[in-house]
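*Asks:* Take the sequence shown: its position 325, counted from the start at 1, is 396 in this note's numbering, and no numbers get skipped.
Below is the structure I would like to discuss, written out as structure tokens.
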Amino acid sequence: MGAPRARGQLMLRRPSRDVGDSCGRKQQRGSARAKTATALAISLLAGAGAVTTTSPVLAGPPSRPVPGSAPTSEVSAQSLAAAEAGPAGLGVIVDERGRITQSIDGAGTLGASAVLTVRKPAGARVLRAILLTASTGFSGPAQGGVSVNGTSVALEHETPSAIASSNYWNDVTALLKPSLDAAPAGDTAVSIAEDVPSSIDGTVLVVIFSDPAQTSDRSITLLFGATQTVGDRFQLQLSRAIDPAAPDSILEMSIGSSFSYQAQSTQQYSQLDVNGQRLSTSAGGEDDGASDNGALITVGGVDDTVANPSPEALPSDARSDDELYNLLPFVSSGATSVDVSTLNPSGDDNIFFAAFTTNPPVTRIITPNPPDPPPPAELAVVSLGDSFSSGEGTYDYDVHKEAQRCHRGPSAWPRLMQRSVPEFTTIEHKACTGAKIPDLTMEYKSNPAQIPTVPDGAVDLVTLTIGGNDVGFERILELCFVHSCAGVPDSKSFANQLASLRTSLSSLYPKIRAAYPNARVVQVGYPQLTPPPSATPVRCGWLAPNEQVAGVRLASKLNGVLEDATELDGQVEFISVANILKGHELCTEDSWVESLGFPKRFEMGHPTRPGQQVYGERVANSLGYSYLPTF
Numbered sequence: 072m073g074a075p076r077a078r079g080q081l082m083l084r085r086p087s088r089d090v091g092d093s094c095g096r097k098q099q100r101g102s103a104r105a106k107t108a109t110a111l112a113i114s115l116l117a118g119a120g121a122v123t124t125t126s127p128v129l130a131g132p133p134s135r136p137v138p139g140s141a142p143t144s145e146v147s148a149q150s151l152a153a154a155e156a157g158p159a160g161l162g163v164i165v166d167e168r169g170r171i172t173q174s175i176d177g178a179g180t181l182g183a184s185a186v187l188t189v190r191k192p193a194g195a196r197v198l199r200a201i202l203l204t205a206s207t208g209f210s211g212p213a214q215g216g217v218s219v220n221g222t223s224v225a226l227e228h229e230t231p232s233a234i235a236s237s238n239y240w241n242d243v244t245a246l247l248k249p250s251l252d253a254a255p256a257g258d259t260a261v262s263i264a265e266d267v268p269s270s271i272d273g274t275v276l277v278v279i280f281s282d283p284a285q286t287s288d289r290s291i292t293l294l295f296g297a298t299q300t301v302g303d304r305f306q307l308q309l310s311r312a313i314d315p316a317a318p319d320s321i322l323e324m325s326i327g328s329s330f331s332y333q334a335q336s337t338q339q340y341s342q343l344d345v346n347g348q349r350l351s352t353s354a355g356g357e358d359d360g361a362s363d364n365g366a367l368i369t370v371g372g373v374d375d376t377v378a379n380p381s382p383e384a385l386p387s388d389a390r391s392d393d394e395l396y397n398l399l400p401f402v403s404s405g406a407t408s409v410d411v412s413t414l415n416p417s418g419d420d421n422i423f424f425a426a427f428t429t430n431p432p433v434t435r436i437i438t439p440n441p442p443d444p445p446p447p448a449e450l451a452v453v454s455l456g457d458s459f460s461s462g463e464g465t466y467d468y469d470v471h472k473e474a475q476r477c478h479r480g481p482s483a484w485p486r487l488m489q490r491s492v493p494e495f496t497t498i499e500h501k502a503c504t505g506a507k508i509p510d511l512t513m514e515y516k517s518n519p520a521q522i523p524t525v526p527d528g529a530v531d532l533v534t535l536t537i538g539g540n541d542v543g544f545e546r547i548l549e550l551c552f553v554h555s556c557a558g559v560p561d562s563k564s565f566a567n568q569l570a571s572l573r574t575s576l577s578s579l580y581p582k583i584r585a586a587y588p589n590a591r592v593v594q595v596g597y598p599q600l601t602p603p604p605s606a607t608p609v610r611c612g613w614l615a616p617n618e619q620v621a622g623v624r625l626a627s628k629l630n631g632v633l634e635d636a637t638e639l640d641g642q643v644e645f646i647s648v649a650n651i652l653k654g655h656e657l658c659t660e661d662s663w664v665e666s667l668g669f670p671k672r673f674e675m676g677h678p679t680r681p682g683q684q685v686y687g688e689r690v691a692n693s694l695g696y697s698y699l700p701t702f
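Structure representation (structure tokens):
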């Protein structure tokens with residue numbers, strides 16, 4: 072299939088690590104501290120050039136380091152090394168389109184907790200809820216996690232920054248949707264607490280709603296990452312030419328930044344240019360937090376205004392710029408693209424988030440580094456295997472009866488992956504629930520054999536999940552629920568089944584390679600479905616501690632056989648997905664696995680839609696492709 076090519080649309084760029092934590096809401100805290108100037112240059116319009124800027128430096132009190140700056144020359148060198156490694160900038164993590172609206176708010180705390188506000192329109196329902204977190208600059212990764220409305224959230228998607236910190240994002244839709252959907256229109260408070268407040272500058276919560284009050288489609292695109300201090304660029308492409316004067320035209324931008332300090336006119340700021348014109352010379356600060364490390368965060372959102380700041384004015388306080396902007400005055404009628412570039416001359420601020428609400432909607436995002444990326448390769452994918460590839464667990468199945476018999480559907484991870492990786496232009500989805508290795512070469516559930524007898528040289532990638540049914544995993548899960556499965560990992564029968572599986576795989580892989588002679592063939596493993604022994608099960612009286620141990624060992628032994636078989640074959644690759652459900656296994660507060668119970672359902676013990684999403688992301692990333700989640 073060849074090496075993966077850099078793709079030119081909706082690229083997921085890995086972000087940086089310096090996201091700060093602030094306490095309070097859009098307020099200034101007096102303090103005579105200062106920091107090196109920071110600049111964010113954003114130029115929006117195709118072809119805009121690089122922006123350079125300098126900014127004054129005010130001296131801070133000699134008694135302690137200035138907030139928002141490197142504490143020692145040693146750490147600063149660490150930051151420079153990270154900058155040379157090159158954070159990958161901002162990239163798309165969410166792209167929703169329709170009659171929708173959003174609520175964005177940020178908060179940081181130097182104490183026990185803070186409050187994020189969600190502003191809900193009348194009749195709206197939650198589509199997505201995304202939590203973004205930034206560790207304090209020059210403090211390394213966050214220590215511990217956060218709690219949302221009292222529920223612990225383990226930080227995910229860690230992205231290192233150029234200033235020795237880390238940025239994170241979590242999908243908290245399942246956690247917040249029930250309460251927000253039930254809440255009345257208006258403001259709803261969401262509490263946020265940090266395990267170690269000094270190590271986290273703050274959090275941002277974005278909630279996207281379906282909004283019956285909207286009369287036309289728009290897009291809401293969320294970007295996350297870490298900008299390079301020497302500058303980054305990306306381009307939004309619109310679905311049609313924009314008319315800035317049209318009453319339904321929208322082009323709003325929200326920026327999220329951490330570790331920027333502006334109390335008492337301190338000149339730590341970000342500079343933004345749009346279409347060659349200055350938009351702001353005062354972005355940044357601690358609008359949503361407090362004037363100290365561990366609470367330096369700001370984001371454009373609730374209680375901010377799209378009235379743009381005075382473009383040349385330097386910051387006079389932390390509220391000089393609220394990081395919410397109207398870009399319509401800076402684009403010409405008929406424009407179809409928006410070019411964005413960023414610059415951080417001081418090398419110690421962290422731009423980790425941007426949101427665009429647009430009408431016309433955004434169709435794709437191109438990262439012009441390199442300026443002329445090659446077009447995406449057009450690769451054909453085939454998905455073979457069992458229920459862990461068919462989409463079992465999603466309750467979202469194709470309508471024709473053959474696919475229904477196999478519980479094949481559009482929310483299966485292979486289909487989500489195909490829609491989320493531009494290179495994967497087509498997919499033939501053949502996986503069928505219940506399939507064992509012999510079923511792949513014969514008619515099964517009124518579906519033709521998954522492995523064709525006539526070679527197909529046009530296929531570039533074959534993914535496969537197989538083996539779980541061969542060793543009786545469905546029966547083992549049922550045993551866990553109704554009796555005990557604690558002894559299964561050491562049982563003779565399970566050992567015999569694993570040995571038989573190893574033999575069957577050795578004959579299966581050559582058949583697949585013969586059927587798809589030009590394809591890259593990948594055996595994908597199985598996720599651990601039960602929580603580890605260190606976790607306390609939630610609402611699962613049937614799961615004993617010794618069964619938690621057994622669950623870990625069962626998954627490990629099965630995946631071990633699969634990996635050993637691929638190594639023995641030498642031409643089939645193995646991708647581990649063992650830990651993709653970490654914190655979201657069966658019997659957890661926010662489980663991504665369909666629960667066990669009565670009456671018995673085929674879906675039990677299979678990943679739900681969020682689980683399928685992380686499944687696809689892991690496989691795509693392991694293959695070397697960027698993954699833009701599709702929901």
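In this text, a Cβ means the ideal position worked out from N, Cα and C, and glycines have one as well.
Using DSSP with H/G/I as helix, E/B as strand and the rest coil, what is LYS501?
*Replies:* On the sequence shown, residue 501 is found 430 positions in, with the first residue counted as 1. Coil, per DSSP.
*Asks:* How many Å lie between SER287 and TYR340 at the Cα?
*Replies:* Working through the sequence shown from its first residue, we reach residue 287 at position 216. Working through the sequence shown from its first residue, we reach residue 340 at position 269. Computed Cα separation, rounded: 36 Å.
*Asks:* For LYS472, which of helix, strand or coil comes out of DSSP?
*Replies:* Numbered from 1 along the sequence shown, position 401 holds the residue referred to as residue 472. LYS472 falls in the helix class under three-state DSSP.
*Asks:* State the CB to CB distance for the pair PHE495 and LEU450, rounded to an integer number of angstroms; the pair is presumed to be in contact (CB under 8 Å).
*Replies:* Stepping through the sequence shown from its first residue, residue 495 is reached at position 424. Stepping through the sequence shown from its first residue, residue 450 is reached at position 379. The pair is a contact, with the Cβ atoms about 5 Å apart (cut-off 8 Å).
*Asks:* State the CB to CB distance for the pair ASN241 and VAL224, rounded to an integer number of angstroms; the pair is presumed to be in contact (CB under 8 Å).
*Replies:* The residue given as residue 241 occupies position 170 in the sequence shown. The residue given as residue 224 occupies position 153 in the sequence shown. Rounded, the Cβ-Cβ distance is 6 Å, consistent with contact.
*Asks:* Given a cut-off of 9 Å, decide if LEU367 and GLY139 are closer than it, judged by their beta-carbon atoms.
*Replies:* One-based indexing of the sequence shown puts residue 139 at position 68. One-based indexing of the sequence shown puts residue 367 at position 296. Contact flag set, yes.
*Asks:* Hey, would you say LEU309 sits closer than 9 Å to VAL411, going by beta carbons?
*Replies:* Residue mapping note: residue 309 aligns to position 238 of the sequence shown, counting from 1. Residue mapping note: residue 411 aligns to position 340 of the sequence shown, counting from 1. In this structure, VAL411 does not lie closer than 9 Å to LEU309 by Cβ.
*Asks:* Go through its chain and collect everything with a Cβ distance to SER662's Cβ below 7 Å, but skip five positions before and after it.
*Replies:* For the purposes of this step, residue 662 is taken as the residue at position 591 of the sequence shown. Within the same chain, SER662 has close Cβ partners HIS655 and GLU656.
*Asks:* Give the single residue among ILE171, ALA389, SER206 and LEU614 whose Cα lies nearest to the Cα of PHE552.
*Replies:* Against the sequence shown, residue 552 aligns to sequence position 481. Nearest option by C-alpha distance: LEU614.
*Asks:* Which complete alpha helix (DSSP H) runs does the stretch 526 to 580 hold, if anything under 4 residues is left out?
*Replies:* Within the stretch 526 to 580, the complete alpha helix (DSSP H) runs of at least 4 residues are 544 to 553.
*Asks:* Under DSSP, the alpha helix (DSSP H) around ASN241 begins and ends at which residues?
*Replies:* Position 170 of the sequence shown, counted from the start, is the residue given in the question as residue 241. That residue, ASN241, is in no alpha helix (DSSP H); its beta strand (DSSP E) goes 237 to 242.
*Asks:* Within 10 angstroms of the Cβ of VAL275, are there 16 or more other Cβ atoms? Answer buried if so, exposed if not.
*Replies:* As a first step, residue 275 is located in the sequence shown; it is residue number 204 there, counting from the start. Buried, because 16 or more other Cβ atoms sit within 10 Å of the Cβ of VAL275.
*Asks:* Which parts of the stretch 228 to 279 are runs of the alpha helix (DSSP H), unbroken and 4 residues or longer, counting only runs that do not cross its ends?
*Replies:* DSSP runs (the alpha helix (DSSP H)) wholly in the stretch 228 to 279: 244 to 253.
*Asks:* With C-beta atoms as the reference, is GLU394 less than 9 Å away from SER458?
*Replies:* Mapped onto the sequence shown, residue 394 falls at position 323. Mapped onto the sequence shown, residue 458 falls at position 387. No; because the gap between Cβ atoms is not below 9 Å, this pair is not in contact.
*Asks:* Which value, in whole angstroms, describes the spacing of the CA atoms of VAL595 and ILE651?
*Replies:* Looking up residue 595 in the sequence shown gives position 524. Looking up residue 651 in the sequence shown gives position 580. The straight-line gap from Cα to Cα measures roughly 12 Å.
*Asks:* Which of helix, strand or coil does DSSP assign to ASP303?
*Replies:* Taking the sequence shown and counting its residues from 1, one reaches residue 303 at position 232. It is a strand residue.
*Asks:* As an exercise, report each continuous beta strand (DSSP E) stretch of at least 3 residues that is fully enclosed by the stretch 372 to 418, in chain order.
*Replies:* Whole beta strand (DSSP E) segments, 3+ residues: 395 to 397 and 408 to 413.
*Asks:* What does the Cβ neighbour count give for ARG311, buried or exposed, with the cut at 16 atoms within 10 Å?
*Replies:* For the purposes of this step, residue 311 is taken as residue 240 along the sequence shown, with counting starting at 1. ARG311 is exposed by the Cβ-count criterion.
*Asks:* What distance in whole Å lies between the Cβ atoms of ILE171 and LEU198, which are believed to be in contact at a cut-off of 8 Å?
*Replies:* For the purposes of this step, residue 198 is identified with residue 127 of the sequence shown, where counting begins at 1. For the purposes of this step, residue 171 is identified with residue 100 of the sequence shown, where counting begins at 1. Indeed, because the Cβ distance is near 7 Å, the residues count as touching under 8 Å.
*Asks:* Smallest Cα separation from ARG486: which of GLU463, VAL278 and ALA506?
*Replies:* In the sequence shown, residue 486 corresponds to position 415, counting from 1. Out of GLU463, VAL278 and ALA506, GLU463 has the C-alpha closest to the C-alpha of ARG486.
*Asks:* For the alpha helix (DSSP H) containing PHE295, list its first residue and its last residue.
*Replies:* Along the sequence shown, one-based indexing puts residue 295 at 224. Per DSSP, PHE295 belongs to no alpha helix (DSSP H); it is in the beta strand (DSSP E), 289 to 297.
*Asks:* Is it buried or exposed for LEU639, if we count other Cβ within 10 angstroms and need 16 for buried?
*Replies:* For the purposes of this step, residue 639 is taken as the residue at position 568 of the sequence shown. Classification for LEU639: exposed.
*Asks:* Can you tell which of SER270, ILE547 and SER697 has its C-alpha closest to the C-alpha of GLY676?
*Replies:* As a working note, residue 676 is residue 605 in the sequence shown. Of SER270, ILE547 and SER697, the residue nearest in Cα terms is ILE547.
*Asks:* Specify whether the stretch 177 to 194 and the stretch 332 to 351 touch according to this definition: at least 3 beta carbon pairs, one from each stretch, less than 8 Å apart.
*Replies:* Output reads no: the stretch 332 to 351 does not touch the stretch 177 to 194.
*Asks:* Quick one: is ALA570 buried, meaning 16 or more other Cβ sit within 10 Å of its Cβ, or exposed?
*Replies:* Numbered from 1 along the sequence shown, position 499 holds the residue referred to as residue 570. Classification for ALA570: exposed.
*Asks:* Round the Cβ separation of ALA626 and ALA649 to the nearest angstrom and send it over; I've been treating them as touching at under 8 Å.
*Replies:* Within the sequence shown, numbered from 1, the residue matching residue 626 stands at position 555. Within the sequence shown, numbered from 1, the residue matching residue 649 stands at position 578. That belief holds up - the Cβ atoms of ALA626 and ALA649 are roughly 6 Å apart, short of 8 Å.
*Asks:* Quick one: Cα of GLY543 to Cα of TRP484, how far?
*Replies:* Counting from 1 along the sequence shown, the entry for residue 543 is found at position 472. Counting from 1 along the sequence shown, the entry for residue 484 is found at position 413. Distance between the alpha carbons of GLY543 and TRP484 is about 22 Å.
*Asks:* Here's the rule I'm using: 16 or more other beta-carbon atoms within 10 Å means buried, otherwise exposed. How should HIS554 be labelled?
*Replies:* Here residue 554 refers to the residue found at position 483 when the sequence shown is read from its first residue. By the 10 Å Cβ count, HIS554 comes out exposed.
*Asks:* Expressed to the nearest angstrom, what Euclidean distance is found between the alpha-carbon atoms of PRO603 and LYS628?
*Replies:* Mapped onto the sequence shown, residue 603 falls at position 532. Mapped onto the sequence shown, residue 628 falls at position 557. Going from the Cα of PRO603 to the Cα of LYS628 covers about 15 Å.
*Asks:* At the level of alpha carbons, what is the spacing between ARG689 and GLN683?
*Replies:* Start at 1 with the first residue of the sequence shown, and residue 689 comes out as number 618. Start at 1 with the first residue of the sequence shown, and residue 683 comes out as number 612. If I take the Cα positions, the gap works out to 10 Å.
*Asks:* Taking buried to mean at least 16 other C-beta atoms within 10 Å of its own C-beta, is ALA354 buried or exposed?
*Replies:* The residue labelled residue 354 in the question sits at position 283 within the sequence shown. Buried: at least 16 other Cβ atoms inside 10 Å.
*Asks:* Inspect the CB distances between the stretch 570 to 580 and the stretch 686 to 700 and report whether three or more fall short of 8 Å.
*Replies:* The stretch 570 to 580 vs the stretch 686 to 700: no contact.
*Asks:* Taking only runs that begin and end inside the stretch 604 to 649, name each unbroken alpha helix (DSSP H) of 4 or more residues, in chain order.
*Replies:* Qualifying alpha helix (DSSP H) stretches, in chain order: 616 to 640.
*Asks:* What does the Cβ neighbour count give for GLY687, buried or exposed, with the cut at 16 atoms within 10 Å?
*Replies:* Within the sequence shown, numbered from 1, the residue matching residue 687 stands at position 616. GLY687 should be labelled buried.
*Asks:* Starting from GLN348, follow its DSSP beta bridges and name the residues at the other end.
*Replies:* Locating residue 348 in the sequence shown gives position 277, counting from the first residue. Answer is VAL345.
*Asks:* How far does the beta strand (DSSP E) with ASN421 in it extend, from its first residue to its last?
*Replies:* Here residue 421 refers to the residue found at position 350 of the sequence shown. Element bounds for ASN421: 421 to 430.
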